[in-house]
Amino acid sequence: MVAIRQEADVQDMSTILAKLETLEERVLELEENMPEDRVTMVVFSGDLDRLLAAFIIATGALAMGYEVSMFFTFWGLNGVRKNRALDGKNIMEKMMSLMSPSGTDELSLSKMNFFGIGAKMMRHMMAEKNVQSFEDLVDMTSELGARFVSCGMSQMVMGIHESELREGMDEGGVAAYLGDAVSSKVTLFI
Amino acid sequence: MVAIRQEADVQDMSTILAKLETLEERVLELEENMPEDRVTMVVFSGDLDRLLAAFIIATGALAMGYEVSMFFTFWGLNGVRKNRALDGKNIMEKMMSLMSPSGTDELSLSKMNFFGIGAKMMRHMMAEKNVQSFEDLVDMTSELGARFVSCGMSQMVMGIHESELREGMDEGGVAAYLGDAVSSKVTLFI
Amino acid sequence: MVAIRQEADVQDMSTILAKLETLEERVLELEENMPEDRVTMVVFSGDLDRLLAAFIIATGALAMGYEVSMFFTFWGLNGVRKNRALDGKNIMEKMMSLMSPSGTDELSLSKMNFFGIGAKMMRHMMAEKNVQSFEDLVDMTSELGARFVSCGMSQMVMGIHESELREGMDEGGVAAYLGDAVSSKVTLFI
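Protein chains in written order, with our numbering: chain V, 1 to 190; chain P, 191 to 380; chain F, 381 to 570.
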């Protein structure tokens with residue numbers, strides 16, 4: 001056994017080196033494919049309660065040292081709205097604008113909203129328990145380094161101008177979203 | 191040091207070979223466990239806007255070379271409805287049918303629907319900006335090779351016949367969904 | 381070639397051992413980072429239909445040998461409610477309580493609820509087709525070993541006492557949720 005081994009040594013050596021190289025390549029490929037420390041969300045909903053959940057998860061992830069990528073689409077754009085502009089919009093876009101909240105203070109709840117009373121109540125109960133306001137949460141999420149992407153197609157279809165959204169947002173499409181999502185440990189549609 | 195090494199060589203060689211083998215097995219297990227290039231969605235919602243988001247993500251993923259698996263359950267089945275059949279249904283199933291959209295042209299928005307005006311407006315605004323219609327998006331998603339699975343339990347409970355849904359759908363249960371989901375890079379509940 | 385190889389052997393041997401060690405470390409890191417056989421959900425919604433979907437996915441995953449972690453937040457807490465208590469609540473908390481379902485039998489559908497008729501119809505159709513009731517599904521999910529976490533912040537803000545929820549739940553925050561989510565193969569927001 002030992003004799004055979006020794007004779008086979010040179011052979012072994014090159015086999016081993018070749019095997020090592022192949023294994024190294026496979027490990028490299030695994031590393032490149034491995035989900036990264038990132039949470040990526042589609043923020044579709046424009047309801048205050050769902051948006052709160054999204055930003056609470058975001059700040060939690062950031063505090064744990066994770067990257068956060070939030071892709072705002074459809075009503076979700078209302079969560080990063082700064083104000084309302086009507087100039088340069090066609091009649092449908094104007095109607096859409098007027099029926100949408102002009103700012104985050106007008107966001108409503110998905111349940112028990114009762115024409116805004118529910119949302120006010122939720123905000124009041126949060127303040128009473130010393131929970132950050134929604135607006136502070138969004139600012140904090142941005143300051144902690146989350147990536148905010150606004151869906152270009154939603155903006156175009158609904159006629160939402162860049163000036164109506166928060167500063168410092170990227171504009172992107174589904175490719176931008178998927179680029180972040182496919183390498184994330186957590187993916188959510190909110 | 192060199193002397194010790196040389197004496198230890200044969201020993202080393204078999205140790206190395208054993209280590210290599212163990213490592214290869216571990217790498218193989220990692221490869222088998224690695225998330226694949228797939229996006230898997232539960233399509234629960236039957237709202238036009240949410241369905242649009244689902245199919246936009248699906249076509250985007252397919253364009254990037256990802257597999258897409260969509261599991262239609264509860265109201266989500268309305269997104270792949272072809273027509274309405276009442277024959278052979280009991281009274282509750284008939285009621286359920288009559289209250290559900292008979293086809294995708296009757297899908298409503300999750301917000302600002304106003305008895306269908308909102309959905310029509312959304313479709314109009316999409317057409318005006320040369321965005322594909324919902325029906326074209328679904329066809330394209332299917333043609334690009336997405337897997338459509340209809341939830342057998344939802345169909346049974348709600349009394350939805352196979353003939354009411356698009357052609358070429360698989361029927362499956364939660365095991366079919368999870369089978370695709372657990373090896374996906376992106377998992378969404380829409 | 382062979383001669384050069386032999387001369388280089390000792391050199392090779394230590395290089396190989398070093399390479400093996402590095403590779404072992406990289407494989408170990410991959411293994412530690414690899415998603416585990418776990419499905420983690422944020423259960424945000426308190427709608428009977430969405431909750432049903434969540435628990436059907438949960439029982440399916442458990443049956444496949446996966447771990448399941450469910451984080452109940454906002455209205456989702458209504459899915460694990462046992463009863464309603466008003467003692468020791470302030471006026472807003474009392475209002476919130478009275479407008480929330482006192483137990484899971486009062487859960488409503490997200491669509492076609494018609495003041496509770498829809499939910500009753502759904503339950504009737506499920507029973508007729510011998511599908512487990514919602515309450516049985518929840519019990520089974522718990523018995524099969526799913527981890528139920530109630531969101532401490534939601535409880536605090538909405539004034540929901542531990543005694544109003546099912547027994548055997550953990551109370552936790554976003555860190556507890558993310559701790560489970562980041563190592564899961566499937567992550568959902570329901």
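The beta carbon of each residue, even a glycine, is placed where N, CA and C say it ideally should be.
Buried/exposed call for F/Lys462, threshold 16 Cβ in 10 Å: exposed
Endpoints, the alpha helix (DSSP H) within which F/Met421 is located: Segment Glu416 to Val423 is the beta strand (DSSP E) holding F/Met421; no alpha helix (DSSP H) there.
By DSSP, does P/Lys284 sit in helix, in strand, or in coil? helix
Under 9 Å between C-beta atoms of V/Val182 and P/Val372: no
The beta strand (DSSP E) enclosing F/Phe514, as first and last residue numbers: That residue, F/Phe514, is in no beta strand (DSSP E); its alpha helix (DSSP H) goes Phe514 to Glu523.
I'd like to confirm the pairing. Which residues does DSSP put opposite V/Met70 in its beta bridges? V/Met41 and V/Phe148
Report the option in P/Leu368, P/Leu288 and P/Val270 whose CA atom is closest to the CA atom of P/Glu357. P/Val270
Sequence-distant residues of its chain with Cβ nearer than 8 Å to V/Asp47 (five each side left out): Trp75, Leu107, Ser108, Leu109 and Ser110
For F/Val566, name the three-state secondary structure that DSSP assigns. strand
How long is the line joining the alpha carbons of V/Met41 and P/Met224, rounded to whole angstroms? 21 Å
Determine, using beta carbons only, whether F/Arg406 comes closer than 9 Å to chain V. Output row for F/Arg406: interface = yes.
Which of helix, strand or coil DSSP assigns to P/Leu355: Note: P/Leu355 maps to strand in three-state DSSP.
Can you pull the chain A neighbours of P/Asn223, defined as C-beta to C-beta under 8 Å? Looking for chain A here will not work: the only protein chains present are V, P and F.
Throw me the rounded Cβ distance for the V/Phe72 and V/Thr141 pair, which I believe falls under 8 Å. With a contact defined as Cβ atoms closer than 8 Å, V/Phe72 and V/Thr141 miss out at about 12 Å.
Residues in the same chain with beta-carbon distance under 6 Å from P/Tyr367, minus the five sequence neighbours each way, listed in chain order, please. Phe261
Which word fits V/Ala119, buried or exposed, when buried means at least 16 other C-beta atoms lie within 10 angstroms of its C-beta? buried
Considering just the uninterrupted stretch of the beta strand (DSSP E) at F/Asp550, what are its terminal residues? Asp550 to Gly552
Cβ-Cβ distance between V/Val39 and V/Leu51 below 9 Å: Cβ distance not < 9 Å, so V/Val39 and V/Leu51 don't count as in contact.
Run the CB neighbour count on F/Gly483, radius 10 Å, all protein chains shown included, and call it buried at 16 or more, exposed below. exposed
Does any residue of chain F bring its CB to less than 9 Å from the CB of V/Ile190? yes
If I follow the unbroken alpha helix (DSSP H) through F/Asp467, where does it start and stop? From DSSP, F/Asp467 is part of no alpha helix (DSSP H); its letter is neither H nor E.
Give the secondary structure of F/Arg385 by DSSP, where H, G and I count as helix, E and B as strand, and everything else as coil. With a pLDDT of 48 at F/Arg385, under the threshold of 50, the modelled position of this residue cannot be trusted, and the question is left open.
Taking V/Cys151 as the reference, which of V/Phe134, V/Lys94, V/Leu77 and V/Leu98 has the closest Cα? V/Leu77
Which residue wins for smallest C-alpha separation from F/Asp560, given the options V/Val174, V/Ile57, V/Leu20 and V/Glu29? V/Ile57
Could you give the distance in angstroms between the alpha-carbon of P/Ala317 and the alpha-carbon of P/Val364? 36 Å
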